[in-house]
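In the numbering used here, the protein residues as written are 1 to 253.
First comes the structure, then the notes that go with it.
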């Protein structure tokens, strides 16, 4: 098994190789198409070699390219949670479950477009997207997974399983391989440490659920975390930082 990072404008997606095929974890924004094509070409991978796309959750920076990719290779099976299925059909990031920025510093960085977040994230988000994405309707060939679903059960010949990791969103899932590699989407992150994120993503729907998901990842013997934002890191970082961001510090968007 080989994990290949596909770094797009904001989101890092992952290709995972098995035999002569690949699974793709997340897709990036709708506007990332040209960059996505460049990145997979650099990795010597063609769209025809991708058999499955696993969505960690429904947000626009994770599912925006679904339709574009499927136009090129409609045989790809999309793998998602049952909650993700309904949210994809709406075509907009879910606002019905509350949530906010992980702390005041992050909130202020975003609000006033300062430093890294203003130059790289906020400007692009403001210019290119309004948290919406092309609605996606579940097809007969697509696959619904639950916590504990083994990859081999859904036709992916890799040793690993799906674990449910809500908190960032209600539909978040992670992919845990038996060797300890864990691709988590936004269930953890490695960005803006100077602003006190402490390995949390900048937006969290439910911080108590978020840290429960960390405990699950830890208890399942994950060793290396592959986030959608930032570089991979050791599970020790989750162990050291669990619970450090407090619910009272969450700032509503």
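Each residue gets a CB set at the ideal place from its N, CA and C atoms; glycine is no exception.
Residue 107 sits buried, since 16 or more C-beta atoms from the chains shown fall within 10 Å of its C-beta.
DSSP places residue 172 outside both helix and strand once states are collapsed to three, so it counts as coil.
In the three-state reduction of the DSSP assignment, residue 82 falls in the helix class, which pools H, G and I. In the pairwise beta carbon analysis, the stretch 146 to 153 is classified as not touching the stretch 183 to 202: fewer than three pairs are separated by under 8 Å. In the pairwise beta carbon analysis, the stretch 160 to 173 is classified as touching the stretch 44 to 60: at least three pairs are separated by under 8 Å. If the five residues before and after residue 83 are omitted, its C-beta is found closer than 6 Å to the C-beta atoms of 170, 171, all from its own chain and listed in chain order. With a 10 Å radius around the Cβ and a threshold of 16 neighbouring Cβ atoms, residue 38 comes out exposed. Residue range 181 to 185 is occupied by the beta strand (DSSP E) that includes residue 181. Rounded to the nearest angstrom, the Cβ distance from residue 158 to residue 14 is 13 Å, too far for a contact under 8 Å. Contact check between the stretch 174 to 181 and the stretch 214 to 230: three or more CB pairs, one atom from each, fall below 8 Å, which counts as touching.
Of all C-beta pairs linking the stretch 138 to 145 to the stretch 30 to 49, fewer than three are shorter than 8 Å, placing the two stretches out of contact.
The DSSP assignment places 33 to 42, 60 to 63, 66 to 72 as complete runs of the alpha helix (DSSP H) inside the stretch 2 to 75, in order along the chain (cut-off: 4 residues).
The alpha-carbon separation between residue 160 and residue 221 amounts to approximately 12 Å.
As DSSP reads the structure, residue 162 sits in a beta bridge with 175. Looking at the DSSP output, residue 150 shares a beta bridge with 161. Taking a C-beta distance under 8 Å as the contact criterion, residue 230 and residue 62 do not qualify as a contact pair. Straight through space, the alpha carbons of residue 102 and residue 239 are spaced by roughly 18 Å. Per DSSP, the unbroken alpha helix (DSSP H) holding residue 217 starts and ends at 207 to 219. With contacts defined by Cβ atoms closer than 8 Å, residue 132 and residue 89 do not form a contacting pair. In the three-state reduction of the DSSP assignment, residue 244 falls in the coil class, being assigned neither a helical nor a strand state. A straight-line Cα-Cα distance of about 10 Å links residue 74 and residue 68.
Between residue 12 and residue 5, the C-beta spacing is below 8 Å. For residue 236, the number of other beta carbons within 10 angstroms of its own is below 16, and it is reported as exposed.
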